[in-house]
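Protein chains in written order, with my numbering: chain A, 82 to 652; chain B, 36 to 379.
Contents: one structure, followed by commentary.
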Amino acid sequence: MQHVTRGGSRPLSFFKSVKPSTLLLTIVVIFFFVLPVIRLFSLSFVDEGAVTLSNYSEMLQEARTWRMLENTAWMVLGSTFVAVILGLFFAWLIAYSDIRGKGLMQLFILIPFIIPSYIVTLSWTQLMGRNSFLADFLQFLPGDLEPVNLYSMGGMIFILGLSHFPLVYLFTVSVLRKIPRDLEWAARSSGASPGKVFAKVTLPLALPGLAGGGLLAFIANLDNFGIPAFLGIPAGIPVLSTAIYQEVVGFGPGAFSRAATLSVLLATVALLGTAIQWLLVRKSKQLETVQQDYSPRFSFGKKRLGVEIMVWLFLITLTIVPVISMLMSSLIRAYGLPFAAENLTLSHYVFVLAENDRVQGAILNSLMLAGVTTLVCLIVGTALAYVRTRKPTALNRTLELFVALPYALPGMVLALAMIFMWLQPIPGWNPGIYGTITILFIAYITRFMILQVRGSITAMAQVDPSMEEAAHIFGARPFVKWRRILFPLLLPGMLSGAFLVFLTALTELTVSSLLWSSGSETIGLVIFNFEQAGYSTYSTAFSTVIVTAILFTMLILYALQKAWKKKVKEA
Amino acid sequence: MTTHIQQIRKSFGSFEALKSISLSIEKGEFIAILGPSGCGKTTLLRLIAGFDSPTDGEISIDGELAGAAHYSSPPEKRNIGMVFQSFALWPHLSVRKQVEFPIQHHPHASKEMKAHKEKRAEEVLKLVGLGHLADRMPNELSGGQKQRVALARALAHEPALLLMDEPLSSLDAELREDMRREIQTIHRMTGSSILYVTHDQGEALAMADRIVIMKDGRIEQIGAPEDIYLRPATPFVAGFVGKATMIEGTWTNDTFKPAAAPEVTWSGQGIHDSFRQDDMYPVRPDQWILTEDTQNGIPATITNVLYQGKDIHYTVKAANNQQISFIQPIHTRYQIGEQVTLAL
Chain A
82 MQHVTRGGSR PLSFFKSVKP STLLLTIVVI FFFVLPVIRL FSLSFVDEGA VTLSNYSEML
142 QEARTWRMLE NTAWMVLGST FVAVILGLFF AWLIAYSDIR GKGLMQLFIL IPFIIPSYIV
202 TLSWTQLMGR NSFLADFLQF LPGDLEPVNL YSMGGMIFIL GLSHFPLVYL FTVSVLRKIP
262 RDLEWAARSS GASPGKVFAK VTLPLALPGL AGGGLLAFIA NLDNFGIPAF LGIPAGIPVL
322 STAIYQEVVG FGPGAFSRAA TLSVLLATVA LLGTAIQWLL VRKSKQLETV QQDYSPRFSF
382 GKKRLGVEIM VWLFLITLTI VPVISMLMSS LIRAYGLPFA AENLTLSHYV FVLAENDRVQ
442 GAILNSLMLA GVTTLVCLIV GTALAYVRTR KPTALNRTLE LFVALPYALP GMVLALAMIF
502 MWLQPIPGWN PGIYGTITIL FIAYITRFMI LQVRGSITAM AQVDPSMEEA AHIFGARPFV
562 KWRRILFPLL LPGMLSGAFL VFLTALTELT VSSLLWSSGS ETIGLVIFNF EQAGYSTYST
622 AFSTVIVTAI LFTMLILYAL QKAWKKKVKE A
Chain B
36 MTTHIQQIRK SFGSFEALKS ISLSIEKGEF IAILGPSGCG KTTLLRLIAG FDSPTDGEIS
96 IDGELAGAAH YSSPPEKRNI GMVFQSFALW PHLSVRKQVE FPIQHHPHAS KEMKAHKEKR
156 AEEVLKLVGL GHLADRMPNE LSGGQKQRVA LARALAHEPA LLLMDEPLSS LDAELREDMR
216 REIQTIHRMT GSSILYVTHD QGEALAMADR IVIMKDGRIE QIGAPEDIYL RPATPFVAGF
276 VGKATMIEGT WTNDTFKPAA APEVTWSGQG IHDSFRQDDM YPVRPDQWIL TEDTQNGIPA
336 TITNVLYQGK DIHYTVKAAN NQQISFIQPI HTRYQIGEQV TLAL
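Written out as structure tokens, the structure reads:
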């Protein structure tokens, strides 16, 4: 009797263990996050209806494909080098040295990262333009000095490195702070000199973290479209991301399979980089203590003031000066005129903000896209984070990995995958999603969902489980528990995740450059189009508005978080 | 107002954390669960609190079935209060709001109490001596004050059972002494039942009416503090609570002959059967007397001396190479290598 029940209960308990809600969630996640990528990959292996490797063999036989790959390699490696050097330098300075004003300095370091990279590019091209104050200044100096030509490999490397060094910085500074000071003291008391301590203890301990930060910059450099599009396309230097874009936009014969083939190459390198980065971070976490140590370990002594002045000059040149030159360009009546009182006008601002319907439509579109994306990600992402934190089963971890996929892929690759997927979500059925703003909603939500999931997971990790247990013990029903305890405690962390989603979505360029259609232009796209059409005064004016809006929003968020922290400190 | 735990088992995969635990907590009783880390005491507490459900057995609180195999009423429906090891004060709520929370939300708080929650909160805060700090935030309190808030919050809705999970372990030594007295006073004044989990035998001996000694998911002994200390039931209890040395030797009827001094005999009165089966005799360090009569005790050599201020802890090696610890007052001091004779 017992034997029979046992035999019968096994399949039953299997279905019991996979709840219908879990099953539904898994299907939805696979459909929205994984299937588009599978379709893209499979398309690259299809030629005229047959499964084949001919797409790859044809493209790899073309000399221009190899030139483009070579360009990509130089650009990515060079800019990663720049980002690592700059990031490491500032991380060491902020984490270990005794310079003052670190809070403000960190804010300035983050500026090139917060401002969209195509606007950073725009500002630098203004600074290096023939009519900028830099050009006037260089002419004033003896010798035939001219501003650097940014429309070159060197220019791309420099601007990419500049835009992504904050990534390396952010990553490295916490790694450095988490290396226990005792370990350095132990080495000193064993007779090692400060230099030897750095080489034998600090550096080996920091290395996995450093490499992790470097790979993050590597992936970002590979993924970036704005910088090679603004600088590389005019200069005739194609790289992977711009090559895919030009294939699709060019609409040549077999454009989609060629683009898909290049996308698979790009995606493979990016995913490989992400996987290595993930392994390195896991390794570096094993070495860390939990506590960050904020007190300085290296003193500049009497040279401190001098060092501070040098560092600030360097930082301001990198971050503020180009933005000022962009502001100046936007105020000049016509491009090319000198910066003088009689040439100044606000008419470009009036044009972009009040007269041009396309700009206003784009602002509205981007605000709506960013707003809806943020809201959906906030609710769904937090729910996913809660499930993932409280029930870290193998299935839930896999689901998190799936949700991370669209963000780990380069934007250009994801955009292409979205086209293949939503042109006909089920083969033979075209619901008319491609060619409307709906596909942008889907693309943004799937791409940025993981940012909110990570933000909410971080927020939840900072709230001890006993907070929730105490709420249960003292009689709170689920609704009361969320409203009175969990939500107030999680809010600051959730909001910084939501802010990141909003900002990234608002100024997104890569995905929208492939998925836009008439009437669904975005802010990034309009700036890109102005620039391509040579309307520099409009693009700089519009960019200045965007930068001001971003900095203003950041200031508000910063003030809110500070007020919150003042009220709630860790009990 | 009693809590019954009947033959509770709890497994995590193939690991059995609790093996058939039965225990009753009477109204107003203060019970301490004492054991080393990993003995299952926290698991038991979490089952009673309702954070987990038992694999087998039943838990009933105040006549209501709370937990059984694959059934567990949610913690918020159980008539309990809890003091967490980390205090678990909500960082965004003031002291007053923390205490008002259970009064306002707990289904077992009386209507009368809910209607006058400010008055009740004030009353409880006065009880723990924090009436003047009601508007402070948790980060503005010292460790001892946080502990008092956690206690006030746990008492606020007059739970049938108060659970305390190593509540003093994050306080420093001096504060721990004060809080022991405080908890005892509050227990007397409120008359609530308390289940107190600890690994510190001092806390358990000082405060509890009954002590439950646990090891490897089983109960070793339940009894009043004097019973546990003076008449341990197992070698583990004798060692863990009384720091006793198990003297090797042989039992004949009711007398014991230590192996290191076969001509000496000790009476077996009050010694539990389990020691007889293992041919050993538990002696606590404070039981030993040093004698000049070398025929009447165990000869031994001093190997270690720890000066403690009010007394001295010695370690000696007996003739059969067994290590024995004993405590002596400070007026006579022995040196390492000296020969002594230990008697009962």
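Glycine included, each C-beta is placed from N, C-alpha and C at the ideal position.
As the structure is a prediction and not an experimental result, all values here were calculated from the model.
Residue i - DSSP class collapsed to helix/strand/coil
i, result
"residue 381 of chain B", "An answer regarding residue 381 of chain B cannot be provided, because it is not within the stretch 36 to 379 covered by chain B."
"residue 347 of chain B", "strand"
"residue 166 of chain B", "helix"
"residue 270 of chain B", "helix"
"residue 87 of chain B", "coil"
"residue 285 of chain B", "strand"
"residue 131 of chain A", "strand"
"residue 229 of chain B", "strand"
"residue 362 of chain B", "strand"
"residue 39 of chain B", "strand"
"residue 139 of chain B", "helix"
"residue 359 of chain A", "helix"
"residue 310 of chain A", "helix"
"residue 216 of chain A", "helix"
"residue 133 of chain B", "helix"
"residue 280 of chain B", "strand"
Cross-chain neighbours of residue i in chain A, by beta carbon under 7 Å
i, result
"residue 136 of chain B", "555"
"residue 222 of chain B", "Near residue 222 of chain B there are no residues of chain A at all, since even the closest Cβ is about 19 Å away, more than 7 Å."
"residue 109 of chain B", "553"
"residue 188 of chain B", "555"
Limits of the unbroken alpha helix (DSSP H) element including residue i
i, result
"residue 205 of chain A", "198-208"
"residue 94 of chain B", "Not the alpha helix (DSSP H): residue 94 of chain B falls in the beta strand (DSSP E), residues 91-96."
"residue 165 of chain A", "144-177"
"residue 287 of chain A", "284-304"
Contacts that residue i makes with chain A (C-beta to C-beta distance below 9 Å)
i, result
"residue 148 of chain B", "By Cβ distance, chain A contributes nothing, its closest Cβ being about 12 Å from residue 148 of chain B, past 9 Å."
"residue 117 of chain B", "550, 551, 554 and 555"
"residue 101 of chain B", "Result: empty, since nearest Cβ-Cβ is about 13 Å, beyond 9 Å."
"residue 297 of chain B", "None at all; the shortest Cβ gap to chain A is about 54 Å."
Distance between residue j and residue i (C-alpha atoms, nearest Å)
i, j, result
"residue 152 of chain A", "residue 309 of chain A", "11 Å"
"residue 95 of chain A", "residue 75 of chain B", "The predicted model places residue 95 of chain A with a pLDDT of 42, which falls under 50 and marks its position as unreliable; any figure quoted below should be read in that light. If you take the alpha carbons of residue 95 of chain A and residue 75 of chain B, they lie about 30 Å apart."
"residue 201 of chain B", "residue 80 of chain B", "11 Å"
"residue 90 of chain A", "residue 47 of chain B", "Its pLDDT being 34, under 50, residue 90 of chain A is placed unreliably in this model, and the coordinates cannot settle the point."
"residue 606 of chain A", "residue 448 of chain A", "14 Å"
"residue 362 of chain B", "residue 379 of chain B", "13 Å"
"residue 399 of chain A", "residue 240 of chain A", "10 Å"
"residue 87 of chain A", "residue 56 of chain B", "Any reading at residue 87 of chain A must be qualified, since the residue scores a pLDDT of 35, below 50, and its modelled position is unreliable; the value itself is stated next. The straight-line gap from Cα to Cα measures roughly 27 Å."
"residue 318 of chain A", "residue 158 of chain A", "16 Å"
"residue 198 of chain A", "residue 311 of chain A", "10 Å"
"residue 664 of chain A", "residue 223 of chain A", "Lying outside 82 to 652, the shown extent of chain A, residue 664 of chain A is not represented and no answer is given."
"residue 114 of chain B", "residue 106 of chain A", "36 Å"
"residue 468 of chain A", "residue 477 of chain A", "7 Å"
Interface partners of residue i on chain B, CB under 7 Å
i, result
"residue 471 of chain A", "What residue 471 of chain A touches in chain B: nothing, since even the nearest Cβ is about 12 Å away."
"residue 558 of chain A", "111"
"residue 569 of chain A", "127"
Residues near residue i by beta carbon distance below 8 Å, same chain, minus five either side
i, result
"residue 228 of chain A", "208, 209, 210, 211, 213, 215, 216 and 219"
"residue 240 of chain B", "246, 260, 263, 264 and 276"
Segment limits, beta strand (DSSP E) that includes residue i
i, result
"residue 339 of chain B", "333-342"
"residue 375 of chain A", "Element bounds for residue 375 of chain A: n/a, residue is neither H nor E."
"residue 250 of chain B", "245-250"
"residue 68 of chain B", "65-69"
"residue 256 of chain B", "253-258"
Beta-carbon contacts of residue i that lie in its chain and below 7 Å, excluding the five residues immediately before and after
i, result
"residue 128 of chain A", "135, 136 and 338"
"residue 281 of chain A", "268 and 273"
"residue 113 of chain A", "527"
Own chain partners of residue i with C-beta closer than 6 Å, once the 5 adjacent residues on each side are dropped
i, result
"residue 328 of chain A", "336, 339 and 340"
"residue 38 of chain B", "60, 96 and 196"
"residue 415 of chain B", "Missing from the structure shown is residue 415 of chain B; chain B here goes from 36 to 379 and no further."
Check: residue i C-beta below 7 Å from any heavy atom of the ligand GDP
i, result
"residue 267 of chain B", "No copy of the ligand GDP occurs in the structure displayed, which carries no ligand at all."
Proximal chain B residues relative to residue i, where beta-carbon distance stays under 8 Å
i, result
"residue 561 of chain A", "140"
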